[in-house]
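Structure first, commentary second.
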Amino acid sequence: MKIAFIGIGKLGFPCAVALAMKGHDVYCYDNDSRLIEGYERGEVTPFEPGLPEQYNSCRSRMHFCGSIDDAIASSDHIFVAVPTPHAPMHDGSFPYDGVGRNFDNSIIRDCLVEVGRAIGKHAKDGRFRTILVISTTTPGTMVDDLGPATVKAVGLPIGSGWTMVYNPFFIGQSTVVQDFLNPEFVLLGVPQNEDGKVADGGRGEAIARDLYGTLHSQPICPMTWTEAECVKLCYNTYLGLKVLFANSVMELCHRMPGANCDVVNATLKLAKDRLVSTKYMDGGMADGGPCHGRDQMAMSYVAQKLGLSFNIFDAINHGRDAQTSWLADLIAEHRRNRPVVLLGMAFKQGTNQTQGSPAMLLANILTQRGIEPTLHDPVIKPYTEMPTEPAVYFISTRWPEYRGFKFKKGDTVIDPWRMIRQVPSGVELIHVGVGSPTRPATVGKIDPAVATEAKPAKRIRAAS
Ligand SMILES: NC(=O)c1ccc[n+]([C@@H]2O[C@H](COP(=O)([O-])OP(=O)(O)OC[C@H]3O[C@@H](n4cnc5c(N)ncnc54)[C@H](O)[C@@H]3O)[C@@H](O)[C@H]2O)c1
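For the sequence shown, numbering that gives the first Met the number 0 assigns the number 463 to the last residue and increments by one with no breaks.
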C-alpha cells in the first residue's frame with residue numbers, strides 16, 4: 000500500500016518504519032527539515048531500542064518528501080501524528096496549578112487544512128484517500144473543529160473521494176514499533192452525519208480494516224469520532240488513577256509500622272477478576288511521560304466544561320503533585336545538609352524522554368524549596384559534576400543500571416522502587432513504602448559483612 004506519514008517525530012517515525020517493515024511504501028513528511036535530512040543520512044532521532052536496525056531493514060521503502068502535497072500525491076492512506084501540545088509549564092513536569100486546559104489544536108488544525116487542500120487538489124486522480132488522525136485530541140474536537148476545518152479545505156463532502164477517521168494509538172515510548180504491531184485493539188472513530196448515519200458509507204472503516212489486516216489480527220473497534228476521543232483519554236487517565244492508588248498504598252505502608260507496600264500490592268494483584276490486571280500496581284514515582292500528565296489536565300478541562308459532579312481527573316493531577324511533594328519531604332527529612340542527587344531524569348527506564356517526567360517534577364519541587372538537586376541519567380547526559388562528599392541519592396527512574404551504582408560510605412539512598420537490594424557498609428538504604436523494622440526490606444542473599452539493611456524513614460510531617 001502507498002501510505003503518507005505526516006509528522007515523523009517520537010511516535011510517527013517508529014510507526015512509519017513499522018509500516019515499511021511490513022512491505023508498505025511510506026511517504027514521510029515533517030516540517031522540521033533538519034529531522035528529514037538526518038533520517039535521509041540514516042540518523043535515527045527517536046531513542047527507541049532496536050529502531051536503527053529496524054530502519055536499516057526497510058530504508059528502500061521509506062521515501063522522504065519535501066511537502067505535504069508531494070506525500071499525498073503518491074498515497075491512498077494519510078497518517079497524521081503532529082503535536083497537540085500543552086505549554087511546557089503544563090506538561091506534568093511542574094506542579095499542577097488547578098486549572099484544566101485543552102490541548103493547543105492549532106498545529107493539527109493547520110496541518111489538516113494543508114492535507115485537505117492537497118486532497119482537494121488531487122481529487123481528480125481517481126484515488127480514494129483516507130486521513131487517519133493519530134494526534135491526541137479532547138472529546139468533541141474532531142466534530143467541532145478538526146472535521147469541519149478539513150472538509151472546508153478539501154472542498155468536497157466526506158465520502159466524495161476521501162474520508163477521515165480518528166485513529167489514536169496506545170503506545171509506550173521505548174516500545175513504539177512493538178506496541179503498534181501488537182496492540183490490544185485498534186480504535187477507529189468514523190465520521191457521522193448530523194442524522195447519526197456513517198458519513199462515508201462505511202468506506203473509512205473498511206479501508207482501515209484492510210490496512211490493519213496487513214499488520215496484525217487484533218480487534219478493530221469502530222465507533223464515533225467522539226467516542227474514540229473519549230476512549231483514548233480515559234485509557235490514559237485510568238492508568239494514572241491506578242498509579243495514584245498504588246502510590247497511596249506505598250505512602251500508607253511507609254507511615255504504618257508493620258506494613259510493607261510490596262506485600263499489600265502483591266496480594267491485591269492476586270484479585271485478577273475484580274481488580275482487572277496486575278500492571279501499574281506497584282508503588283513508585285508518579286505517573287508521567289509525554290502523554291499522561293497532559294491528558295489528565297486536558298480531561299480536567301473537559302470535566303470542568305461539562306460540569307461533571309466530581310472531577311476525578313483534577314483529583315489525579317493534585318494527587319500526583321501531593322505524592323511527589325511527599326517524596327520531596329522525605330528527601331528533606333534525610334538530607335542533613337548533604338547534596339541531593341536524583342538518579343534518573345527520564346520518565347521511565349528505556350527512554351530518554353523527560354517531558355512530563357515525575358523525576359523532573361520532583362526536581363522542580365525541590366528547587367522551589369531551595370534544594371538544587373544534581374541530576375543524573377544513564378542515557379541523558381546533563382554534564383553535571385557528581386558530589387565527591389557524602390550525599391543523598393534518590394532513585395527517580397527505575398533504570399536497572401542503578402542496581403550497580405557505586406554508593407560510598409556516608410551516603411543515604413532513598414529508593415521508591417525498592418529495587419536496590421544491597422549497599423556497602425556505611426550506606427543508609429531507605430526503601431520507601433516499608434514502614435517497619437519488624438519487616439526488613441532487604442531480603443534475599445545479602446552478605447551482612449558488606450551490607451546494611453534498608454531502614455524505614457522516620458515519621459515525617461504530612462505533605463501539605
Ligand atoms: N509519543 C507517543 O508515545 C504518543 C503516543 C500516543 C499519542 N501521541 C500523540 O501523537 C501526537 C504526536 O506526538 P509525538 O510524541 O510524536 O510528538 P513529536 O513532537 O515527537 O513529533 C511530532 C512531529 O510533527 C512535526 N510537525 C509539526 N507540525 C507539522 C506540520 N504542520 N507538518 C508536518 N510535521 C509537523 C514536528 O516537527 C515533529 O517532528 C501528539 O498528539 C501526541 O499526544 C504520542
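All C-beta atoms, glycine included, are put in the ideal place defined by N, C-alpha and C.
In this text, all values refer to a predicted model and were calculated from it rather than measured experimentally.
Cβ-based burial, residue i [other Cβ within 10 Å; buried from 16]
i, result
"residue 444", "In this prediction, residue 444 scores a pLDDT of 34, lower than 50, which makes its location untrustworthy; no coordinate-derived value is stated."
"residue 5", "buried"
"residue 453", "A caution first: residue 453 carries a pLDDT of 40, below 50, which makes its placement in the model unreliable, though a value can still be read off. Counting Cβ neighbours within 10 Å, residue 453 comes out buried, since at least 16 surround it."
"residue 184", "exposed"
"residue 285", "buried"
"residue 403", "exposed"
"residue 441", "Confidence in residue 441 is poor, its pLDDT being 37 and thus under 50, which makes the residue's placement unreliable; the coordinate value appears in the next sentence. With 16 or more Cβ atoms within 10 Å of its Cβ, residue 441 is classed as buried."
"residue 181", "exposed"
"residue 262", "exposed"
"residue 460", "Interpretation of residue 460 is limited by its pLDDT of 27, a score under 50 that renders its predicted location unreliable; no figure is taken from the coordinates."
"residue 79", "buried"
"residue 309", "exposed"
"residue 87", "exposed"
"residue 28", "buried"
"residue 293", "buried"
"residue 242", "buried"
"residue 278", "exposed"
"residue 333", "buried"
Collapsed DSSP secondary structure at residue i in the structure displayed
i, result
"residue 55", "helix"
"residue 407", "coil"
"residue 109", "helix"
"residue 63", "strand"
"residue 382", "coil"
"residue 279", "coil"
"residue 179", "helix"
"residue 223", "strand"
"residue 438", "Residue placement at residue 438 is poorly supported in this model, since its pLDDT is 39, which falls under 50; the coordinates still yield a value, given next. Note: residue 438 maps to coil in three-state DSSP."
"residue 448", "Its pLDDT being 35, under 50, residue 448 is placed unreliably by the model, and nothing is read from it."
"residue 370", "coil"
"residue 6", "coil"
"residue 414", "strand"
"residue 197", "strand"
"residue 85", "coil"
"residue 32", "helix"
"residue 253", "helix"
"residue 98", "coil"
"residue 90", "coil"
"residue 103", "coil"
"residue 246", "helix"
"residue 235", "helix"
"residue 120", "helix"
"residue 11", "helix"
"residue 125", "coil"
"residue 228", "helix"
DSSP beta-bridge partners of residue i
i, result
"residue 131", "78, 164"
"residue 24", "1"
"residue 341", "374, 393"
"residue 114", "According to DSSP, residue 114 bridges with nothing at all."
"residue 433", "259"
First through last residue of the beta strand (DSSP E) which encompasses residue i
i, result
"residue 427", "427 to 430"
"residue 260", "Where residue 260 is concerned, there is no enclosing beta strand (DSSP E), although the alpha helix (DSSP H) it sits in stretches over 260 to 267."
"residue 375", "373 to 375"
"residue 188", "185 to 189"
Residue i: first and last residue of the uninterrupted alpha helix (DSSP H) it sits in
i, result
"residue 357", "357 to 367"
"residue 207", "202 to 212"
"residue 43", "Note, residue 43: premise wrong, no alpha helix (DSSP H); not H, not E."
"residue 316", "311 to 334"
"residue 294", "288 to 305"
"residue 422", "Run containing residue 422: none; DSSP gives neither H nor E here."
"residue 271", "Residue 271 -> no alpha helix (DSSP H), and no H or E assigned at all."
"residue 545", "Absent from the model: residue 545. The displayed extent of the chain is 0 to 463, so no value can be given."
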